[in-house]
Every structure is written in C-alpha cells, then in structure tokens.
Amino acid sequence: MAERIKIDPLDPDPEVIRRAAGILASGGLVVFPTLGLYGLGADAMNPKAVERVFAAKGRPPEKPVLVLVRGIPDAQGLVSEVPDAALRLMRAFWPGRLTIALPASEKVPEILCAKTGTIGIRAAGHPVARALVAAFGGAVTGTSANIADAPAPASVDDLSPKIAEAADLIMDAGLLSGQASTVVSVNGSRVDVLRPGAVSGQRIGEALASADV
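Counting in the numbering used here, the sequence shown runs from 8 upward without gaps.
Right, here's the structure in full:
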C-alpha cells in the first residue's frame, strides 16, 4: 500500500511536491488531485512507467492516456501541429478543465497514444497538480486513478485497492468536485467534443468565435 500524505489543496508543501516529482522521475506512480478527480501520474515520456499505469488500471491498450503539461509551450513540443482553433481553446481554458486531442509528434511514446496517432493534453489547473508538473519539468499522465470502466475517485478514500497498491505515493487533498474535464479533438478548423464535461459546448463555441483569444 502506498504512503498517503495529506496536502494543502491551495498551498501544497514544496517538500512533498519535490518528493512526488522524484518518484515520477524514477519511473514511479503518484496519485494526485486534479480540479475534478484524482489522477494517476507517471512520466508520460517513459514507456515503462506508462505501462505501469495501464497495468494498474487494467486499461485496454487501445485506449490512449491524456497528459498534463505546464502550458502551451509544453503542449507544442508534444504535437506535430497546433491549429489556430486549438490555440484559441488553450488560451481560453488553460490552465483548466479542457483536454485537447491533437496529432502527436514522433517523440511521443506509442503506448501513450494507443496507436491512434493523437495525444490528449491539458494544462494542469489544480494547485497541487500544477506544482507537481512544474517540479517534474515534463508531461505527466493525467488519467483518472480508477480501474478501467469503474467510477473515477473524487476522494482518495474511494481508490481501488489495486490502484493504491500500485502507486508509490498518494497525495490526499480532500474531496474534489467529481466532474471530469471536457475532451475535444481538433483537426484543422474542426472541433469535435469527444467527452462532455466541465467546459460546455456553448463556452467552447464562444471561445472559438471570440476575437479576444
């Protein structure tokens, strides 16, 4: 069973964050809070670490895993292109609850994309998640910390024993909102909602139409 550490959701302890980032750097897994649900974090560019995520979740290999980044520059380094529509959405909703699927660059591990050729990216919005990604200095898997097809946990008390056993550290920031991010795909000027969530289709449409983003 992983060690469970309580962490202030608004002012996370830098020492705990450094420790968690070190675990990621060594190929380990960390359960951490996002704005809506708890995530299972690994070094997204380490295929063996990502394999551990799939194994812990019992996730089918054909289902890709999204990643969290610090911001737009990090995202640009993971994709082959950033269409204007995607850039508008990033500027409007990042950091926050919008995951954007884009064509992956060649350096992204195939397992992360599940052979789809695309990668889902979101700029971390929760203070703990932001601090973790910043301290780690690279992309971190942001998939929910649940067994495949089971409810995603808004509290670490709801973690599956299998997830808790697989993780090397659990950061407990209390009860989260329980609402998942919205996932969209962007191909040129076309934007499709793949999974409804915290950001409504209306807000997405308004951001795309606005001249201010």
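Cβ atoms here follow ideal geometry from the backbone N, Cα and C, with glycine treated the same way.
Taking C-alpha positions only, residue 126 is separated from residue 50 by approximately 15 Å. Residue 191 sits in a strand when the DSSP states are folded into three classes. Under the three-state reduction of DSSP output, residue 10 falls in the strand class.
Judged by beta-carbon spacing, residue 54 lies beyond the 8 Å limit of residue 88, meaning their Cβ atoms are not closer than that value. Around the C-beta of residue 202, fewer than 16 other C-beta atoms lie within 10 Å, and the residue is accordingly described as exposed. In the DSSP assignment, residue 179 forms a beta bridge with 13. If you look at residue 76, you'll find it in the beta strand (DSSP E) that goes 74 to 76. Pairing residue 192 with residue 130 gives a Cβ-Cβ distance that is not under 8 Å. Ranking 10, 45 and 12 by CA distance to the CA of residue 152 puts 45 first. DSSP places residue 154 in no beta strand (DSSP E); its state is neither H nor E. Distance check between residue 138 and each of 10, 113, 8 and 29 places 29 closest, using alpha-carbon atoms only. By the Cβ test, the stretch 164 to 180 is not in contact with the stretch 195 to 212, since fewer than three Cβ pairs between them sit closer than 8 Å. Annotation: residue 209 to residue 188 spans about 15 Å, alpha carbon to alpha carbon.
Note: residue 105 is bridge-paired with 189 in the DSSP secondary-structure output. A direct Cα-to-Cα measurement between residue 133 and residue 114 gives close to 27 Å.
Fewer than three pairs of CB atoms, one per stretch, sit closer than 8 Å, so the stretch 155 to 169 makes no contact with the stretch 89 to 106.
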